[in-house]
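The sequence shown begins at 106 in my numbering and counts up by one.
Here a beta-carbon is modelled for each residue, glycine too, at the ideal position from N, C-alpha and C.
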Amino acid sequence: MRLVGFKDLDLSEEIECPILLGVGEHDEIFSVESAQSLLD
Numbered sequence: 106m107r108l109v110g111f112k113d114l115d116l117s118e119e120i121e122c123p124i125l126l127g128v129g130e131h132d133e134i135f136s137v138e139s140a141q142s143l144l145d
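In structure tokens:
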């Protein structure tokens, strides 16, 4: 598994498929707040 920072992604072209992000209350990697800030 590889974690990539959102700002490191090359989003110069429009993405034509949905990106799903699943985060649970007891997620060991991401908190709900950090996932929400990514989407904001």
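query: According to DSSP, is residue 109 helix, strand or coil?
result: coil
- request: May I have the straight-line CA-CA distance separating residue 98 from residue 121, to the nearest angstrom?
  value: Because the chain in this structure spans residues 106 to 145, residue 98 falls outside the shown range and cannot be described.
message: Suppose you measure from the CA of residue 143 to the CA of residue 137; what does that come to, to the nearest Å?
response: 10 Å
query: Alpha carbon to alpha carbon, what distance is there between residue 124 and residue 115?
result: 14 Å
message: Just to confirm the assignment, what range does the alpha helix (DSSP H) spanning residue 119 have?
response: No alpha helix (DSSP H) contains residue 119, which DSSP labels as neither H nor E.
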